[in-house]
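Reading through the structure tokens given below for one structure.
Protein chains in written order, with the working numbering: chain Y, 1 to 323; chain S, 324 to 646.
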């Protein structure tokens with residue numbers, strides 16, 4: 001049996017510019033029980049592959065990074081394996097409150113929704129906030145109403161309950177739901193052939209959350225950040241730490257102000273600063289040259305990347321990775 | 324008549340450590356009509372003086388920066404001249420949704436509430452979130468319920484309507500309410516004799532806001548940030564820009580990663596980055612040595628500081644300032 005390192009990160013270097021790159025995550029956490037559930041593991045790996053394929057096909061054909069991020073995350077929101085959209089975990093009272101955000105590196109423009117309860121694709125609601133409102137962050141019933149006014153697909157709150165049941169059925173061992181407890185956020189960062197970076201994140205938030213808690217996923221600078229000058233970042237983990245440490249923007253600040261590389265910056269924030277503070281989680285990111293980083297300080301992180309026609313997906317640390 | 328510069332910032336240098344310092348703002352904006360309303364001007368200056376006196380008396384007697392920030396902001400929340408607490412501006416539908424946040428530089432701990440409608444002192448609700456919940460940000464009815472469960476003073480939503488009427492009566496010329504339109508947020512940053520920095524911000528948000536819009540005030544890293552290693556910052560202005568540019572944390576990042584001074588960092592963010600992006604507003608801040616900065620790129624900003632037993636308050640730029 002291979003050993004699983006508790007902290008791990010890696011970088012794929014890219015020499016060419018004017019190409020595309022895509023990186024995704026499906027949450028980080030203590031998912032060690034997955035190791036003994038081949039069926040569940042296969043389902044997650046297949047879902048990550050499919051998500052990458054969707055974004056890749058858009059980027060390969062010269063599509064915009066915004067479109068690639070939206071399509072990739074919409075797929076993950078519809079897949080009940082992940083704690084986002086359909087698969088969102090329940091609050092303490094059994095309801096579902098979803099958060100999402102988007103940011104474009106070319107314009108430093110951003111949009112986000114927090115605590116939406118009737119929107120099928122929160123990532124699209126976040127894009128609508130960015131493109132068709134003067135605001136960055138809308139929450140609760142106001143965000144629902146705005147999404148509806150923009151013609152987005154609305155669902156009955158029960159839609160998310162059905163997903164929960166399905167998720168439990170899908171796993172032979174019944175362990176999928178607990179695995180993604182608290183940390184099943186999804187995220188995607190893309191670089192298109194025009195050199196533009198977009199980052200997006202979507203989540204059902206913390207399982208059993210109360211009092212309309214908002215995590216880092218809809219907070220620009222915490223869960224999501226993008227700037228063509230530096231990088232695009234999407235985070236997953238214990239959201240309160242990611243807010244307090246402005247994790248996504250901090251990676252960009254280190255690159256800009258210390259001239260550090262993407263990987264050095266990301267690893268410093270996740271493996272040093274955040275770990276020291278007791279904050280569990282990880283991030284995926286890329287820079288304008290297509291360098292990709294995936295860094296996490298938990299047992300595992302659902303993740304994958306695509307570039308130069310090559311795709312790879314991973315769940316655990318170095319021990320189970322294929323380079 | 325003195326000229327009023329559209330952009331201005333200044334710094335008071337402090338040689339001593341182990342002392343206290345306090346800096347406040349009551350919003351930034353185009354408040355040029357105030358120049359011809361002596362009555363209103365006097366009322367604002369008196370309110371700023373009183374706010375400073377409250378925080379100063381706590382710090383002078385060895386009290387904690389958290390207590391000083393809370394007491395100072397509670398006073399400003401109760402004063403209908405400011406767009407916070409009682410004086411909060413109305414949403415598009417005539418309701419009042421209040422935001423506030425707090426952060427402590429010693430622990431990098433933080434708390435915030437967004438869109439509360441029944442809490443008399445949102446700053447105290449933010450402190451309760453920080454100290455007595457596992458979360459950083461609660462919004463809407465959940466945040467109301469949490470505040471109530473902590474025994475905070477709850478008010479009828481009409482409390483804020485009454486304040487609006489009173490505010491209009493108070494001004495001889497009736498121009499006070501429009502002056503603080505959009506940009507009357509209040510904020511306070513304090514350094515206590517133990518060397519600990521606390522920053523807090525409270526607001527009624529953007530006048531006429533829709534869809535449960537959340538601005539930068541309850542967003543840690545955007546409207547508020549504190550770190551004993553660098554600085555404490557409270558912002559005011561067009562919140563969407565402050566979120567996209569992670570303004571409060573950016574000042575700290577420049578100090579930490581570029582070894583810039585507080586004033587150089589703050590001025591770069593407000594006068595260069597934000598101005599270039601078209602973002603109007605300003606900030607107040609201080610570092611662990613008691614250096615104070617107040618920087619804004621609008622016509623004026625209600626502001627003041629206290630240190631070494633000396634208090635000063637200002638509304639417009641250099642032209643009307645007394646050093």
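Every residue gets a Cβ at the ideal spot worked out from N, C-alpha and C, and that includes glycine.
Closest by C-alpha distance to residue i, when choosing among the options
| i | options | result |
| --- | --- | --- |
| residue 367(S) | 549(S), 398(S) and 565(S) | 398(S) |
| residue 519(S) | 511(S), 454(S), 380(S) and 550(S) | 550(S) |
| residue 348(Y) | 289(Y), 281(Y), 132(Y) and 150(Y) | Lying outside 1 to 323, the shown extent of chain Y, residue 348(Y) is not represented and no answer is given. |
| residue 225(Y) | 287(Y), 280(Y) and 145(Y) | 287(Y) |
| residue 186(Y) | 274(Y), 106(Y), 230(Y) and 217(Y) | 217(Y) |
| residue 233(Y) | 223(Y), 239(Y) and 241(Y) | 223(Y) |
| residue 622(S) | 628(S), 632(S), 640(S) and 442(S) | 640(S) |
| residue 633(S) | 620(S), 507(S) and 615(S) | 615(S) |
| residue 560(S) | 619(S), 599(S) and 631(S) | 619(S) |
| residue 327(Y) | 241(Y), 229(Y), 198(Y) and 40(Y) | This structure gives no information on residue 327(Y), because the portion of chain Y shown stretches from 1 to 323. |
| residue 91(Y) | 209(Y), 269(Y) and 141(Y) | 209(Y) |
| residue 132(Y) | 144(Y), 150(Y) and 116(Y) | 150(Y) |
Residue-chain proximity (residue i, chain S), Cβ-Cβ < 8 Å
| i | result |
| --- | --- |
| residue 213(Y) | yes |
| residue 246(Y) | yes |
| residue 223(Y) | no |
| residue 148(Y) | no |
| residue 118(Y) | no |
| residue 66(Y) | no |
| residue 287(Y) | no |
| residue 320(Y) | In this prediction, residue 320(Y) has a pLDDT of 32, which is less than 50 and means its spatial position is unreliable; what the coordinates show is noted afterwards. For residue 320(Y), the answer is no, since every Cβ of chain S falls outside 8 Å of its Cβ. |
| residue 152(Y) | no |
| residue 254(Y) | yes |
Interface flag, residue i vs chain Y, CB-CB below 8 Å
| i | result |
| --- | --- |
| residue 458(S) | yes |
| residue 505(S) | A caution first: residue 505(S) carries a pLDDT of 48, below 50, which makes its placement in the model too unreliable to give a value. |
| residue 516(S) | no |
| residue 383(S) | no |
| residue 566(S) | yes |
| residue 509(S) | no |
| residue 377(S) | no |
| residue 433(S) | yes |
| residue 573(S) | yes |
| residue 592(S) | no |
| residue 421(S) | no |
Secondary structure of residue i, DSSP reduced to three states
| i | result |
| --- | --- |
| residue 405(S) | coil |
| residue 567(S) | helix |
| residue 27(Y) | strand |
| residue 410(S) | helix |
| residue 139(Y) | strand |
| residue 265(Y) | helix |
| residue 153(Y) | coil |
| residue 104(Y) | strand |
| residue 120(Y) | coil |
| residue 307(Y) | strand |
| residue 301(Y) | strand |
| residue 219(Y) | coil |
| residue 15(Y) | The predicted position of residue 15(Y) is uncertain, since its pLDDT is 43 and thus under 50; no value can be drawn from it. |
| residue 312(Y) | strand |
| residue 196(Y) | coil |
| residue 578(S) | helix |
| residue 456(S) | coil |
| residue 20(Y) | coil |
| residue 529(S) | coil |
| residue 562(S) | helix |
Test item: CB-CB of residue i and residue j under 8 Å
| i | j | result |
| --- | --- | --- |
| residue 569(S) | residue 249(Y) | yes |
| residue 136(Y) | residue 543(S) | no |
| residue 607(S) | residue 626(S) | yes |
| residue 436(S) | residue 475(S) | no |
| residue 409(S) | residue 483(S) | yes |
| residue 111(Y) | residue 192(Y) | no |
| residue 343(S) | residue 371(S) | no |
| residue 118(Y) | residue 155(Y) | yes |
| residue 231(Y) | residue 252(Y) | yes |
| residue 423(S) | residue 457(S) | no |
| residue 369(S) | residue 347(S) | no |
| residue 480(S) | residue 430(S) | no |
| residue 77(Y) | residue 22(Y) | no |
Okay, do the region 519–537 of chain S and the region 389–405 of chain S touch, 3+ Cβ pairs below 8 Å being the bar?
yes
Between the region 436–456 of chain S and the region 384–401 of chain S, do three or more beta carbon pairs fall short of 8 Å?
yes
Mind the definition here: the region 274–283 of chain Y touches the region 16–34 of chain Y only if three or more C-beta pairs lie below 8 Å; say whether that holds.
yes
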